[in-house]
Each structure stands twice: as structure tokens, then as C-alpha cells.
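Worksheet: one structure, shown below.
Protein chains: 2
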Amino acid sequence: MQISDTVQQDLLRVAHLLADAARPETLRHFRQASLSAENKDSAGFDPVTEADRAAEMAMRGVLARERPEDGIIGEEFGVTPGTTGLTWVFDPIDGTRGFISGTPTWGVLISVADETGPRMGIIDQPFIGERFVGGFGVAVNMGPLGKRPLQCRKTKALSDATILTTFPEVGSPAEGRAFHHVARQAKLTRYGMDCYAYALVASGQVDLVIEAGLQPYDIHAPIAVVTAAGGIVTNWQGGAAHHGGQVIAAANRDLHAAALAQLQESLAS
Amino acid sequence: MQISDTVQQDLLRVAHLLADAARPETLRHFRQASLSAENKDSAGFDPVTEADRAAEMAMRGVLARERPEDGIIGEEFGVTPGTTGLTWVFDPIDGTRGFISGTPTWGVLISVADETGPRMGIIDQPFIGERFVGGFGVAVNMGPLGKRPLQCRKTKALSDATILTTFPEVGSPAEGRAFHHVARQAKLTRYGMDCYAYALVASGQVDLVIEAGLQPYDIHAPIAVVTAAGGIVTNWQGGAAHHGGQVIAAANRDLHAAALAQLQESLAS
Chain A
139 MQISDTVQQD
149 LLRVAHLLAD
159 AARPETLRHF
169 RQASLSAENK
179 DSAGFDPVTE
189 ADRAAEMAMR
199 GVLARERPED
209 GIIGEEFGVT
219 PGTTGLTWVF
229 DPIDGTRGFI
239 SGTPTWGVLI
249 SVADETGPRM
259 GIIDQPFIGE
269 RFVGGFGVAV
279 NMGPLGKRPL
289 QCRKTKALSD
299 ATILTTFPEV
309 GSPAEGRAFH
319 HVARQAKLTR
329 YGMDCYAYAL
339 VASGQVDLVI
349 EAGLQPYDIH
359 APIAVVTAAG
369 GIVTNWQGGA
379 AHHGGQVIAA
389 ANRDLHAAAL
399 AQLQESLAS
Chain B
139 MQISDTVQQD
149 LLRVAHLLAD
159 AARPETLRHF
169 RQASLSAENK
179 DSAGFDPVTE
189 ADRAAEMAMR
199 GVLARERPED
209 GIIGEEFGVT
219 PGTTGLTWVF
229 DPIDGTRGFI
239 SGTPTWGVLI
249 SVADETGPRM
259 GIIDQPFIGE
269 RFVGGFGVAV
279 NMGPLGKRPL
289 QCRKTKALSD
299 ATILTTFPEV
309 GSPAEGRAFH
319 HVARQAKLTR
329 YGMDCYAYAL
339 VASGQVDLVI
349 EAGLQPYDIH
359 APIAVVTAAG
369 GIVTNWQGGA
379 AHHGGQVIAA
389 ANRDLHAAAL
399 AQLQESLAS
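Here the protein sequences line up with chains A and B, keeping their order.
Under my numbering, residues 139 to 407 are what the first sequence spells out, in order.
Under my numbering, residues 139 to 407 are what the second sequence spells out, in order.
If you want it as C-alpha cells, here you go:
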């Protein structure tokens with residue numbers, strides 16, 4: 139949909155308010171000895187924390203006050219329909235395993251989407267005090283080093299690329315094989331960065347993130363941030379990524395094409 | 139050797155000065171587009187950065203002024219003999235691969251050792267602005283959440299433990315198998331944290347770090363910090379770890395014994 143400049147500015151303003159509201163709720167629980175993680179998924183280890191719920195409640199409170207007619211999709215409390223055609227999508231703590239391990243790699247994911255997908259998003263890391271914002275003409279990082287533009291880098295060859303994913307197994311055995319088929323051709327492979335990996339692509343520090351098994355709320359904000367910085371995010375078939383599942387984020391189109399071809403070669407073999 | 143309270147206080151004071159001196163030198167180069175990494179080891183990817191050298195030079199400058207008679211072992215500029223029986227051991231940027239990827243998991247490692255090994259150490263993360271200090275009666279973390287005591291946690295069973303290592307391959311194929319033999323029995327495995335992993339053990343956030351192929355300067359400071367927080371760091375045979383190689387850091391003796399037994403079972407099979 140067409141979003142006026144005035145509305146874009148208001149959405150950016152509210153996105154910052156949402157990130158501001160989530161910060162104290164997550165930090166109240168981060169690195170606390172009493173942090174208790176429930177087991178949400180009996181098949182695996184997917185902890186939900188008090189912080190997750192408190193941060194989402196705080197953000198829903200901001201929206202009820204500031205933009206009550208927008209829709210909401212949140213990881214913890216599900217779907218709230220709206221009437222404006224705009225939907226806020228958030229994951230109050232992306233990277234809960236990182237969160238309960240004390241690593242500074244989790245983040246608060248906030249985005250606003252229309253019928254075409256995410257239009258603007260924030261990846262916020264409250265412990266470091268770092269925020270990555272992309273969309274509506276904005277592509278900026280604010281953190282310990284000040285305010286800096288986000289700009290993906292120009293790495294063209296897979297053999298020059300740094301590639302990231304969170305877990306070495308990635309997803310299914312076939313998905314894991316496809317990831318490692320690409321990673322073997324890269325210069326450097328790193329693990330464990332959660333949503334911070336996408337922020338590093340947008341910051342021009344790394345070149346590729348390849349993941350599988352994502353939820354829509356895991357990837358909406360990263361799509362907005364990476365795209366605003368000149369990168370490209372799709373699924374492993376080259377289509378829209380905001381429905382989740384298999385995702386590849388690349389610093390530029392050439393690298394995206396090279397990595398996608400290798401993923402598909404592995405999946406077809 | 140016996141180190142008087144007065145000397146201990148002076149060593150702590152100087153250790154903080156060293157960390158303070160290294161911070162601007164590392165941050166000047168962190169996340170810069172112009173960061174150029176040389177290839178130190180033709181067999182692998184082990185970049186040395188300008189930041190590495192500048193930080194070590196800055197620290198050597200502090201020691202020349204403050205404690206000129208102590209020895210120095212630095213990653214970049216080697217051994218400078220001393221006459222006091224005390225040797226400063228530092229790695230100006232531990233986790234250079236993390237550094238050149240923009241992740242906040244690298245650190246400045248500073249320690250002071252006598253003939254028995256490290257007695258006090260600092261793990262400093264300049265980008266976050268976080269410092270972990272252990273030794274001479276001190277065990278403290280200073281960072282975004284304020285000043286907090288370091289205290290390893292009480293996790294006794296491997297099945298309740300969170301285990302970290304930086305690279306999933308760990309070291310040689312046999313070393314990798316041994317790590318994964320332990321990791322399969324743990325509750326949660328995470329990768330990619332560089333020296334920050336040891337700081338998380340000392341902070342009571344995770345339980346085990348198992349690595350191989352370390353240099354002495356990689357592990358001196360972590361030994362001091364983890365030990366001061368009540369943890370235990372040895373090699374995979376249960377002996378002194380400060381010579382490098384295979385290292386296991388555990389939150390407590392029970393967990394150390396359990397993990398060590400599993401490592402040795404795998405190596406013997």
C-alpha cells in the first residue's frame with residue numbers, strides 16, 4: 139500500500155517507542171540468576187522467559203496508546219486484527235537460547251508490514267545499547283560507536299564471503315547439508331549470532347546469513363533492515379522470505395545469486 | 139611466589155590501565171570498512187589486524203612506564219624478559235575472526251603470571267564496555283548492568299549444563315568427536331563466543347567451555363577469571379591449562395569431573 143510521508147514518520151517514531159519500551163523489560167531479566175526458562179516445545183529446547191512476555195506486553199501497551207487501529211502479530215500473544223492495513227510484527231526476544239546463556243546476540247525484533255510484507259523494521263540489542271533501523275528511507279545503526287549509516291558491502295565472490303548461521307545443524311539434515319555446501323566455499327563461517335547476524339550484514343561486516351525453520355516474526359524486521367542497507371533477503375527458492383522457513387540474506391544481488399545456486403545444487407543432489 | 143598485598147593492589151591497578159589503554163586502539167579499527175586482515179597462517183585463516191598491533195603497543199607502553207621490570211609475553215610482539223618473577227601475558231585481540239566479522243564476542247586478554255601460572259586476569263570487551271576481573275581476591279564484572287560479583291553456578295549434571303565452544307570442528311577430528319560426545323549429553327550447546335565464553339562461565343550464565351589448539355596467551359586471563367569466580371580450568375587430562383592446547387573450563391568441580399570423564403572416554407575409544 140501507499141504510505142504517506144507523515145504516516146511513515148509516525149511509524150518510525152512509534153517503532154523507536156516500542157524498542158524503548160521493550161529494553162527495560164528484557165534487561166530486568168537478562169543475566170539474572172533467577173531466570174527461569176520454560177520448555178515451550180516438548181520436542182526441543184525453546185525456552186520462553188518472563189522477559190519475553192513482559193517485553194511484548196509493554197510493546198502492546200505502547201500500540202494501544204499510539205496506534206490502536208494497527209494490527210499486531212506477536213510471538214507470545216498472537217494476532218490482534220487491525221483496520222489500517224498495517225500490522226506490527228514483533229518477536230520480543232529473538233534468540234532466547236542466547237538470552238538464557240547470557241550472550242549479547244539476542245534482540246528485540248519490531249517491524250511494520252502491509253500486504254506486501256515488512257516495510258520498516260528495528261533490530262534492537264538492549265544490553266549493548268545498539269539499534270539497527272531500516273525502512274522508509276532510513277538505514278541507520280545507533281550504538282556504542284555513535285550513529286552510523288547501514289550499508290551492505292560489495293563482496294561478489296562466495297570465496298571472499300563471511301557466512302553466518304546460528305546452529306551448525308541449521309534445520310533438517312538436507313538443510314544442514316545445503317548450508318555446509320555453501321559454507322565450504324566461503325572464506326569464513328561463524329555461528330551463534332541469532333538475529334544479530336542480520337544486523338551484521340546490514341552493517342557491512344559479514345556477507346551472508348542462511349537459516350531454516352524460521353517463524354514469520356523471526357525474519358520480518360531483519361528483511362526490512364537488510365533491504366534498507368542495500369542487501370537482499372529471500373527464501374531458498376528466491377521468493378519472498380517473510381513467511382519464514384528457509385531464509386537467505388545476502389549483502390548484494392551477485393552474492394545472493396551465487397549462494398542461492400549452491401543451495402539449490404545441494405538440495406537437488 | 140608470595141605476592142604482597144601492596145604489590146597485588148599495584149598489579150590490579152596496572153591491569154586496569156592496560157585494559158583502558160587497549161580499548162581505544164581496538165575500537166578505532168572495529169567495524170571500520172577499511173579494516174584489512176592479513177593472513178598470518180598460510181594453512182588457515184588467522185587474520186592479524188592493525189588493531190591487534192596497536193593495542194599491544196599501547197599496553198607495552200603502559201608497562202614500560204608503570205612496571206618496567208616485569209616480563210611480557212604478547213601475541214604480536216613476543217617475549218620481553220623481566221626480573222621480578224612476574225610476567226604479563228596478553229592477547230590484544232582474542233577472537234580476531236569475530237573482530238573482523240563485527241561480532242561483540244572478541245576481547246582483550248590481560249593477565250599476570252608467576253612460575254605457577256596466571257594469578258590475576260582481565261577479559262575486556264571494549265565495544266560493549268564490559269570488563270571481567272579475577273584474582274588477588276577480586277571477582278567482578280563491570281558493564282552495562284553496573285558492577286556485579288562474578289560467581290560460577292552450581293549445575294552438577296551434564297544433562298543440565300550449557301556448553302560452549304567457538305568452532306564446531308573444535309580442533310582435530312578426534313578432538314571434535316570428543317567435544318561432541320560431551321555436547322550431546324548437555325542441555326544446550328552454543329558456538330561462536332570466543333573468549334567471551336569464559337566470561338559467561340565466570341558470570342554464572344553457562345557451565346562449560348571446551349576448546350582445543352589454544353595458545354598460552356589465549357587462556358591465561360580466562361583461567362584467572364574463571365578460577366576467581368569459583369570455577370575450574372584444566373587441560374583435557376586434568377592438568378594445568380596455561381600452556382594452551384586442549385582446555386576445559388567448568389563452573390564447578392563436579393561438572394568438571396563429569397565432562398572430563400566423557401572427554402577421556404571419547405579419546406580412548
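Note that beta-carbon positions come from the ideal geometry of N, C-alpha and C, so glycine has one too.
To which residues of the same chain is residue i closer than 6 Å at the C-beta, ignoring the five residues directly before and after it?
i	result
A192/A	E163
V344/A	T300, L302 and L338
Q146/B	F274
M139/B	G223 and D252
Can you pull the chain B neighbours of residue i, defined as C-beta to C-beta under 8 Å?
i	result
V344/A	S239 and G240
L401/A	In chain order: nothing, as chain B lies at least about 19 Å away.
So who's on the other strand from residue i, going by DSSP bridges?
i	result
G368/A	For G368/A, which the question treats as bridged, DSSP gives no partner whatsoever.
S249/A	V227/A and G259/A
T218/A	I210/A
I357/B	Answer is none; I357/B lacks a bridge partner.
V347/A	L302/A and A387/A
D232/A	G245/A
A326/A	The sequence as given places Leu at residue 326/A; Ala does not occur at that position. In the DSSP output, where bridge partners are listed per residue, L326/A has T300/A.
L352/A	G383/A
Please classify residue i: does DSSP put it in a helix, a strand, or coil?
i	result
M331/A	coil
L288/A	coil
M258/A	strand
S341/B	coil
I141/A	coil
L283/A	coil
D392/B	helix
D158/B	helix
V271/A	strand
T299/A	Before going further, note that residue 299/A is Ala rather than Thr in the sequence given. If DSSP states are grouped into helix, strand and coil, A299/A belongs with coil.
V308/B	coil
I266/A	coil
V152/B	helix
A202/B	helix
A378/A	coil
A277/A	strand
H318/B	helix
A181/B	Confidence at A181/B is low in this model, with a pLDDT of 44, below 50, so the placement of that residue should be treated as unreliable; the coordinate-derived value is given next. Coil.
Since residue i meets chain A, which of its residues come closer than 7 Å, beta carbon to beta carbon?
i	result
P306/B	P306 and Y329
R169/B	L283, S341 and Q343
T300/B	S239
Can you name, in chain order, every residue of its own chain whose Cβ lies under 7 Å from the Cβ of residue i, other than the five neighbours on each side?
i	result
S404/A	R315, A316 and H319
R391/B	I370
N373/A	A379, G383, Q384 and V385
L173/A	Low confidence applies here, because L173/A scores a pLDDT of 48, under 50, leaving its location unreliable; read the following figure in that light. Around L173/A: H167, T187 and I238.
At 9 Å on the CB atoms, spell out the chain A contacts of residue i, in chain order.
i	result
T234/B	Neighbours of T234/B on chain A: none; closest Cβ ~11 Å, over 9 Å.
L296/B	Per Cβ cutoff of 9 Å: no residues; L296/B is ~15 Å from chain A at best.
Along chain A, which residues have their Cβ under 8 Å away from the Cβ of residue i?
i	result
G267/B	P282
L338/B	S239, G240 and T241
For residue i, which residues in chain B fall below 7 Å Cβ to Cβ?
i	result
L393/A	The contacting residues do not exist; L393/A stays about 15 Å from chain B at best.
L288/A	By Cβ distance, chain B contributes nothing, its closest Cβ being about 11 Å from L288/A, past 7 Å.
Identify, in the order they occur along the chain, each residue of the same chain with its Cβ nearer than 8 Å to the Cβ of residue i, setting aside the five sequence neighbours on each side.
i	result
G168/A	The sequence given here places Phe at residue 168/A; Gly does not occur at that position. Excluding sequence neighbours, F168/A sits near A189, F237, G240, P264 and F265.
R161/B	V246, D262 and P264
Y329/B	L302, T303, T304, F305 and P306
For residue i, return the contacting residues in chain B, with the cut-off set at a CB-CB distance below 9 Å.
i	result
L405/A	Near L405/A there are no residues of chain B at all, since even the closest Cβ is about 22 Å away, more than 9 Å.
Handout entry: Stretch-stretch touch, CB-based, cutoff 8 Å, three pairs: the region 226 to 239 of chain B with the region 305 to 322 of chain A
Key = no
Handout entry: Validate contact between the region 149 to 164 of chain B and the region 249 to 261 of chain B using beta carbons, cut 8 Å, 3 pairs
Key = yes
Practice task
Decide if the region 260 to 280 of chain B is in contact with the region 140 to 153 of chain B; the criterion is three or more beta carbon pairs, one per stretch, under 8 Å apart.
Solution key: yes
Practice task
Assess, as a yes-or-no matter, whether the region 283 to 301 of chain B is touched by the region 304 to 314 of chain A under the definition of 3 or more beta carbon pairs within less than 8 Å.
Solution key: no
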